[in-house]
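What follows is a single structure, written as structure tokens, with notes after it.
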Amino acid sequence: MAAASSTDAATVTRAAIVAEARTWLGTPYRHQASMKGAGCDCFGLVRGVWRAMIGPEPDEVPAYSRDWGSVQGTETLLATARRHLIETDPGALAPGDVVVFRIRRGMIARHVGIVSEAAPARFIHAQEHAPVAEVALSDWWRQRIVAAFAFPGL
């Protein structure tokens with residue numbers, strides 16, 4: 001899918017976001033990458049869907065560590081989501097929402113995915129050592145959601 005121009009951004013739909021995310025299924029995991037079919041990490045998946053749906057990324061992405069700064073305690077991923085996406089109710093997830101996870105209590109948020117179905121809940125994400133996959137948003141994952149966001153224009 002070609003990148004949407006700024007005038008097309010208003011035509012972005014939840015279904016289009018999910019359809020684009022599904023085109024990334026099978027993309028191998030590559031830390032800091034964001035290239036469909038070649039490699040991406042969880043953030044790279046969201047960045048790639050942004051480019052296809054919205055257009056150029058709003059910020060140049062600096063290098064980031066696998067732990068997203070957990071040693072320093074900086075909530076970089078969560079702050080970036082709050083700066084560019086629209087925060088929504090994590091208890092009322094809808095297809096196309098971006099979910100941010102805190103994998104361990106007391107640690108920073110360091111994982112993201114895109115909700116693909118509301119009931120039964122599923123999401124698309126990239127996880128180390130595995131290709132991009134669509135999986136159940138199980139209780140294990142739900143308990144780790146710290147925030148949910150919608151793409152601009154929804």
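Going by full-length UniProt numbering, the sequence shown opens with residue 1, and the numbers climb by one from there.
Ideal Cβ placement from N, Cα and C applies to all residues, glycine included.
DSSP places Phe43 in the uninterrupted alpha helix (DSSP H) bounded by 42-53. Sequence-distant partners of Glu57 (beyond 5 residues in either direction) whose C-beta falls short of 8 Å from its own C-beta, in its chain, are Arg47, Trp50, Arg51. Counted as a single uninterrupted DSSP element, the stretch harbouring Thr88 is not any alpha helix (DSSP H) but the beta strand (DSSP E) occupying residues 86-88. Closest option to Gly55, judged by alpha-carbon separation, among Ile17, Thr27, Ala33, Ala92: Ile17. The three-state secondary structure of Glu134, taken from DSSP, is strand.
Between the segment 134-142 and the segment 74-86, the count of C-beta pairs closer than 8 Å stays below three; the two stretches do not touch. Taking the CA atoms as reference points, Ala147 sits about 11 Å from His111. In this structure, Phe43 is the residue among Phe43, Ile124, Glu117, Ala19 with its C-alpha nearest to the C-alpha of Arg30. Ile108 sits in coil when the DSSP states are folded into three classes, being neither helix nor strand. For Ile124, the uninterrupted beta strand (DSSP E) run begins and ends at 121-125, by DSSP.
Cβ-Cβ separation between Ala118 and Leu93: approximately 6 Å, consistent with a contact (criterion under 8 Å). Counted as a single uninterrupted DSSP element, the stretch harbouring Ile145 is not any alpha helix (DSSP H) but the beta strand (DSSP E) occupying residues 145-150.
Residue environment for Gly26: exposed (fewer than 16 other C-beta atoms within 10 angstroms of its C-beta). Gln127 and Ser116 have their C-alpha atoms roughly 16 Å apart.
DSSP, reduced to helix, strand and coil, places Glu20 within a helical segment of the structure shown. Around the beta carbon of Gly91, a 10 Å sphere encloses fewer than 16 other beta carbons of the protein chains shown; the residue is thus reported as exposed.
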